[in-house]
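Structure first, then comments.
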Amino acid sequence: MKTKVQILEKVRRSVEEIGLFVGNEQNCFTVMNKDLVLPYVIITLCTGGSLRGLYDMKEMQQGKNDLCIIMPGHIVRQFGYSDDYTCAWLTISPKILDDILAMLPAKGDSRFDQAPMCHLTDEQAERLLTIIGQLEYISGFTEDELPHRYLMLKSQLTVGYELLIHYREKQDREWMNNYHATLYSRFCDMVVEHHTHSRNVNFYAERLGYEARYFSKLFRVISNGVSPMEWIGQYVTTRAKRIMVAHPKQTVKEIAFELGFPSTANFCRYFKRVTGITPKEYREGEVWNEEE
Numbered sequence: 006m007k008t009k010v011q012i013l014e015k016v017r018r019s020v021e022e023i024g025l026f027v028g029n030e031q032n033c034f035t036v037m038n039k040d041l042v043l044p045y046v047i048i049t050l051c052t053g054g055s056l057r058g059l060y061d062m063k064e065m066q067q068g069k070n071d072l073c074i075i076m077p078g079h080i081v082r083q084f085g086y087s088d089d090y091t092c093a094w095l096t097i098s099p100k101i102l103d104d105i106l107a108m109l110p111a112k113g114d115s116r117f118d119q120a121p122m123c124h125l126t127d128e129q130a131e132r133l134l135t136i137i138g139q140l141e142y143i144s145g146f147t148e149d150e151l152p153h154r155y156l157m158l159k160s161q162l163t164v165g166y167e168l169l170i171h172y173r174e175k176q177d178r179e180w181m182n183n184y185h186a187t188l189y190s191r192f193c194d195m196v197v198e199h200h201t202h203s204r205n206v207n208f209y210a211e212r213l214g215y216e217a218r219y220f221s222k223l224f225r226v227i228s229n230g231v232s233p234m235e236w237i238g239q240y241v242t243t244r245a246k247r248i249m250v251a252h253p254k255q256t257v258k259e260i261a262f263e264l265g266f267p268s269t270a271n272f273c274r275y276f277k278r279v280t281g282i283t284p285k286e287y288r289e290g291e292v293w294n295e296e297e
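FYI, the numbering for the sequence shown is 6 to 297, going by the numbering used here.
Listed below in structure tokens is the structure:
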């Protein structure tokens, strides 16, 4: 049985080489009780059982025929699944998604980061599983064996993406009419985009059209008690933890620079204020159990 580290390395290599990875092994990609910020698009279609988790710190549950799209840069945490949980899943590079969106009409630019989950009928799920099967088959060939492999993969993904947009139309209309949901998602999306140069609530409140104090009160209501400052801190430190785990040789100074902090000391104070420990203490205490 492959360890999680081996699976993650296999996924990384495949995404870098051909733009995607297709998986259908039960629970093989589940990293439990850890906040993750990944650089890829993750698509999971539940084929049995159920899984519970958080997306941008909001709880969600995935059951049979539920399809979930996790966009790059957003926080995801999985913290429980049933013994019979199974899913088909794709890991896609942002580049191949950008190529697909460039081919689609304006309506194709759906923001799945704002409403990541949708429920499919049996027929809809079966159609998407067929496309996932085609992607798995094509990705099994080398570039020498199949010179137009990338174009074939992109074509299959485009068909699947167009179908998914069609399946989601009713849900997207309902989501757009939910004021609190749209405000929460707009804030989360802005933090993903701007966190390296602003961690100040005023910055985001102004761009959303609110006075900072009022926005903080409103956001606490929407987020069940989490303040926007706490959300920003959680996001930034989760990004930092991800870098430390993925790149163990990267220095704290380099991480601070990557995240937009003016100095290493400033970053270390910020990290400790949010997490209660220093980056060095986190790195020394982070042990990846390869046998999990």
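The beta-carbon is built from N, C-alpha and C at its ideal position, and this holds for glycine as well.
**Prompt:** Which residues in the same chain as Q139 place their Cβ atom closer than 7 Å to its Cβ, once the five residues preceding and following it in sequence are excluded?
**Reply:** Q161
**Request:** Closer than 7 Å by C-beta to H202: which residues in its own chain qualify, once you throw out the five before and the five after it? Chain order, please.
**Result:** G265
**Asked** Thinking just about the alpha-carbon of each residue, which of A186, I136, E148, E286 is nearest to the one in E167?
**Response** I136
**Request:** Work out the CA separation of D71 and S55 for me, nearest whole Å.
**Result:** 9 Å
**Message:** Which complete alpha helix (DSSP H) runs does the region 150-236 hold, if anything under 4 residues is left out?
**Reply:** 154-181, 184-199, 206-212, 217-227
**Item:** DSSP-derived helix/strand/coil call for L106
**Value:** helix
**Request:** Apply the 10 Å Cβ neighbour rule to Q67 and answer buried if 16 or more other Cβ atoms are within range, or exposed otherwise.
**Result:** buried
**Prompt:** Does DSSP classify G68 as helix, strand or coil?
**Reply:** Coil, per DSSP.
**Prompt:** In three-state DSSP terms, what is I282?
**Reply:** coil
**Request:** Could you check what DSSP says for R60 in three-state terms: helix, strand or coil?
**Result:** Checking the displayed sequence, the identity of residue 60 turns out to be Tyr instead of Arg. Strand, per DSSP.
**Message:** Our contact map puts P77 next to P99 with C-beta atoms below 8 Å; I'd like the distance itself, whole angstroms only.
**Reply:** 5 Å
**Straight-line gap, K112 to G290 (C-alpha atoms, nearest Å)** = Low confidence applies to K112: its pLDDT is 49, below 50, so where it sits in the model is not reliable, and the reading given next is rough at best. Cα to Cα, K112 sits roughly 46 Å from G290.
**Request:** Examine the Cβ distances between the region 246-258 and the region 211-220 and report whether three or more of them are shorter than 8 Å.
**Result:** Pairwise C-beta distances place the region 246-258 out of contact with the region 211-220, as fewer than three of them are shorter than 8 Å.
**Item:** Under 8 Å between C-beta atoms of T96 and V20
**Value:** yes
**Asked** Residue range of the alpha helix (DSSP H) that Q139 falls in?
**Response** 127-144
**Item:** Cβ-Cβ separation, W236 to M62 (assumed contact under 8 Å), whole Å
**Value:** About 6 Å separates the two Cβ atoms, so the contact holds.
**Message:** Considering only their Cβ atoms, is the gap separating Y209 from F192 smaller than 8 Å?
**Reply:** yes
**Request:** Could you have a look at K112 and say whether DSSP puts it in helix, strand or coil?
**Result:** Since pLDDT at K112 reaches only 49, below the 50 mark, its modelled position is unreliable, and no value is offered.
**Request:** State the Cα-Cα distance for the pair Y90 and C51, rounded to the nearest angstrom.
**Result:** 8 Å
**Message:** Going by DSSP, what residue range makes up the alpha helix (DSSP H) through F84?
**Reply:** Per DSSP, F84 is not a residue of any alpha helix (DSSP H); the beta strand (DSSP E) it occupies stretches across 80-86.
**Request:** Over the uninterrupted alpha helix (DSSP H) stretch that includes F26, give me the two end residues.
**Result:** Counting along the chain, F26 falls outside any alpha helix (DSSP H), though it belongs to the beta strand (DSSP E) covering 25-28.
**Request:** Could you spell out the range, first to last residue, of the alpha helix (DSSP H) harbouring F262?
**Result:** 257-263
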